[in-house]
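Student:
In full-length UniProt numbering, the protein residues as written are 1 to 150.
#1: Where does residue 142 sit, in a helix, a strand or coil, going by DSSP?
#2: Taking buried to mean at least 16 other C-beta atoms within 10 Å of its own C-beta, is residue 85 buried or exposed?
#3: Quick one: give me the first and last residue of the beta strand (DSSP E) that residue 57 is part of.
#4: Go ahead and label residue 149 buried or exposed: buried means 16 or more other beta carbons lie within 10 angstroms of its beta carbon, across all protein chains shown.
#5: In terms of alpha-carbon separation, which member of 114, 63, 136 lies closest to residue 98?
#6: If residue 130 and residue 137 are in contact, beta carbons under 8 Å, what's the gap, nearest whole angstrom?
#7: Would you give the residue range spanned by the beta strand (DSSP E) that residue 106 belongs to?
#8: Might you give, ordered along the chain, the residues of its own chain that have their beta carbon closer than 8 Å to the beta carbon of residue 25, omitting 5 neighbours on each side?
What follows is the structure, encoded as structure tokens:
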């Protein structure tokens with residue numbers, strides 16, 4: 001049991017990695033073709049532009065971190081165990097955003113819900129209860145993207 005009288009959520013952060021300077025930029029081709037049921041022969045005629053994933057996913061390098069998730073409390077939001085979250089600590093947490101929060105010294109990923117001026121951390125799995133705001137809760141960063149292997 002934690003300070004809120006509920007069992008701890010197994011969706012915890014297992015790794016934290018900063019987005020560091022000096023990472024080589026690797027622009028990859030972005031094809032200007034919408035894929036529905038197949039993919040055309042990848043010919044240069046279809047290349048719309050080149051895309052660098054660092055530029056696309058990391059807006060504030062000094063404040064951005066990658067975290068790996070374990071657990072299943074956020075599956076309704078498309079976040080699964082083993083996924084890597086891109087977290088920006090420079091963004092203000094707001095109602096409805098998915099955040100990384102510190103609850104009783106542990107990092108967890110939840111949706112921030114504001115109700116009657118009070119913060120609640122909500123799982124995106126009905127098997128996990130809400131975590132009401134308390135003295136032991138603080139938002140660590142805002143999730144901006146999810147990297148999910150298929």
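Don't be surprised by glycine CBs; every beta carbon is placed ideally from N, CA and C.
This one's a predicted model, so the numbers in the text were calculated from it and none came from an experiment.
Tutor: Well, looking at it:
#1: By one-based count along the chain shown, residue 142 stands at place 142. Residue state, collapsed to three classes: strand.
#2: Position 85 of the chain shown, counted from the start, is the residue given in the question as residue 85. It is buried - the Cβ of residue 85 has at least 16 other Cβ atoms within 10 Å.
#3: Sequence index remark: in the chain shown, residue 57 carries index 57 (1-based). That residue, residue 57, is in no beta strand (DSSP E); its alpha helix (DSSP H) goes 53 to 57.
#4: Within the chain shown, residue 149 is the residue found at index 149, counting from 1. Answer is exposed; the Cβ neighbour count stays below 16.
#5: For the purposes of this step, residue 98 is identified with residue 98 of the chain shown, where counting begins at 1. The residue with the shortest Cα to Cα distance from residue 98 is 114.
#6: For this step, residue 130 is matched to residue 130 along the chain shown. For this step, residue 137 is matched to residue 137 along the chain shown. Not a contact, Cβ separation roughly 12 Å.
#7: As a first step, residue 106 must be located in the chain shown, where it is residue number 106. Per DSSP, residue 106 belongs to the beta strand (DSSP E) from 106 to 115.
#8: To locate residue 25, count along the chain shown from 1; it is residue 25. Answer for residue 25: 52, 54, 55, listed in chain order.
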